[in-house]
Amino acid sequence: MYAHVNLSRLCTRVSLRASMATLCCSNYGNIVSYKPPAWCSSISEKAPKSRLILSQMKTPIVPWNVPDLPDGFKLYIKRDDMTGGTLMGNKVRKLEFLLEDAKLQGADAVITCGGIQSNHCRATAIAAREVGLKTYLLLRSNSEDPDESRLEGNLLLDLLVDATVVLVPKRAGYVSQLMPRMQHVVDELKEKKLMNVYQIPLGGSNGVGTWGYVEAYREMMEQEVFSQISDVVVPCGSGGTSCGLGLASYLSGSTVRVHGVSVCDDQLYFHTHCNEILNEMGVTGVRSEDILDVVDGYKGIGYGESTDEELQLLTNIGRKTGILLDPTYTLKAVRGMLIEMKTNPSRFSGRNVMFIHTGGLYGMLDGRLDDVMRKQVTDSRQIISYFSTDRPPHL
Ligand SMILES: Cc1ncc(COP(=O)(O)O)c(C=O)c1O
Numbered sequence: 004m005y006a007h008v009n010l011s012r013l014c015t016r017v018s019l020r021a022s023m024a025t026l027c028c029s030n031y032g033n034i035v036s037y038k039p040p041a042w043c044s045s046i047s048e049k050a051p052k053s054r055l056i057l058s059q060m061k062t063p064i065v066p067w068n069v070p071d072l073p074d075g076f077k078l079y080i081k082r083d084d085m086t087g088g089t090l091m092g093n094k095v096r097k098l099e100f101l102l103e104d105a106k107l108q109g110a111d112a113v114i115t116c117g118g119i120q121s122n123h124c125r126a127t128a129i130a131a132r133e134v135g136l137k138t139y140l141l142l143r144s145n146s147e148d149p150d151e152s153r154l155e156g157n158l159l160l161d162l163l164v165d166a167t168v169v170l171v172p173k174r175a176g177y178v179s180q181l182m183p184r185m186q187h188v189v190d191e192l193k194e195k196k197l198m199n200v201y202q203i204p205l206g207g208s209n210g211v212g213t214w215g216y217v218e219a220y221r222e223m224m225e226q227e228v229f230s231q232i233s234d235v236v237v238p239c240g241s242g243g244t245s246c247g248l249g250l251a252s253y254l255s256g257s258t259v260r261v262h263g264v265s266v267c268d269d270q271l272y273f274h275t276h277c278n279e280i281l282n283e284m285g286v287t288g289v290r291s292e293d294i295l296d297v298v299d300g301y302k303g304i305g306y307g308e309s310t311d312e313e314l315q316l317l318t319n320i321g322r323k324t325g326i327l328l329d330p331t332y333t334l335k336a337v338r339g340m341l342i343e344m345k346t347n348p349s350r351f352s353g354r355n356v357m358f359i360h361t362g363g364l365y366g367m368l369d370g371r372l373d374d375v376m377r378k379q380v381t382d383s384r385q386i387i388s389y390f391s392t393d394r395p396p397h398l
């Protein structure tokens, strides 16, 4: 059970109120007009004017007693893995703005891209289907043969909601190879099927989607947690989540420092990309380098690849705290955060840290945990049988 401190009582109260409101009158699936927070006045001109409600808001914030938390630190977790069921995770917050933009532009389909187990692609395909849009996904794959694709995890969900999947080489670069292929598919669909296809960039991280995490920051302000939080930590995969949070912290005049732990690419790439996003949003006078700490060094053997040590940490955290992390994003970010707390504590502006759980759990259901779990289950006799009443199990 979670320890009960003021913060968790406060959050429970807030989420209870929110869920009662949902019960009486759900906004889910509705388009609502969007008014940015007052502290965004310098960029409100370019802000979206409306938003599609798809996420369960005011996700809980609770203390998190993670194993081996370095002395002196207090850790909280914001459960953005609870933004929805199959729509769970950070992507749905971006999609609220992106899909509304697609609708406003008269799209009848969307296209986006990612890895074969992309959470962003899965969330896009499901949300788009819910609002009546067809989805095309360019997915990076080891094999060009569709029959070799294992129908599991996020890919299975993509297909269940009728997304059309286009396999592209695993190492295809985003700008050099994926963007031209997306454009080609868009042009073909326009010419051959008269379809208007809206393009969503990798990870939904552009000047529209990033508003999702400016809003998430406002949500946390309304949850009244920032008087007790010095730092926020998130995984950084395409940059929009950390960029939105860093921007919101800056514009709202907060001292909270935002750290994005990179799970691919590096600081230089992310600051360059986040500066492009800031430009698109109309931000002037501040750069990504000023508002965001990109933490490098924890992508391990590569994006989407896991070592046994990482998977052991993932299972250990799950066994001890009940919080399941995904191997590609949240586990790597938590690992990086814990090591930085220990070896480089001055990187944090204080000692009260909030980790945002950005979801991604379907990505772990691709068989990669089989070996580690099989060994743990066997060693600890976690599965036992009681087939015959003559042979009761040794508990
Ligand atoms: C589960 C999960 N967490 C974090 C991220 C990273 O967020 P962002 O792409 O906004 O940097 C992603 C996607 O890239 C994700 O799928």
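Per the numbering used here, residue 4 is the first one in the sequence shown, and the count goes up by one each step. All residues carry an ideal CB built from backbone N, CA and C; glycine is no exception.
| Query | Result |
| --- | --- |
| Residues of its chain near Gly285, where Cβ-Cβ distance is below 7 Å and the 5 sequence neighbours each way are ignored | Ile46, Glu48, Lys49 |
| Pairwise C-alpha distance: Thr275 and Arg221 | 25 Å |
| Pick from Asp299, Arg82, Val134, Thr258 that is closest to Met60, judged by C-alpha positions | Arg82 |
| Gln385 classed as buried or exposed, judged by whether at least 16 other C-beta atoms fall within 10 angstroms | exposed |
| Identity of the residue in Val297, Gly353, Glu343, Thr318 nearest Thr378 by Cα | It is Lys, not Thr, that sits at residue 378 in the sequence shown. Among Val297, Gly353, Glu343, Thr318, the Cα nearest to that of Lys378 is on Thr318. |
| CB contact flag (Met357, Ile232, <8 Å) | yes |
| 7 Å Cβ shell around Phe100 - same chain, five flanking residues per side excluded | Pro51, Arg54, Val211, Gly212, Trp214, Gly215 |
| Beta carbon of Gln120 nearer than 8 Å to that of Asn145 | no |
| Unbroken beta strand (DSSP E) run spanning Phe318, endpoints | Per the sequence shown, the amino acid found at residue 318 is Thr instead of Phe. Segment 311-324 is the alpha helix (DSSP H) holding Thr318; no beta strand (DSSP E) there. |
| Cβ neighbours of Ala24 in the same chain (closer than 8 Å, five flanking residues each side left out) | Because Ala24 sits at a pLDDT of 47, beneath the cut-off of 50, its placement in the model cannot be relied upon, and the point is left open. |
| Distance cut-off 7 Å: Lys137 Cβ against heavy atoms of ligand 1 | no |
| The stretch 336-350 contacting the stretch 263-279, beta-carbon criterion three pairs below 8 Å | yes |
| Cβ-based burial, Arg2 [other Cβ within 10 Å; buried from 16] | Look at the range of the chain in this structure, 4 to 398, and you will see that residue 2 is not part of it. |
| Cβ-heavy atom distance, Thr86 to ligand 1, below 7 Å | no |
| Check: Pro238 C-beta below 7 Å from any heavy atom of ligand 1 | yes |
| N- and C-terminal bounds of the alpha helix (DSSP H) containing Phe390 | That residue, Phe390, is in no alpha helix (DSSP H); it is neither H nor E in DSSP. |
| CB contact flag (Leu102, Val69, <8 Å) | no |
| Top-ranked residue by Cα proximity to Asp299, from Gly88, Val65, Val237 | Val237 |
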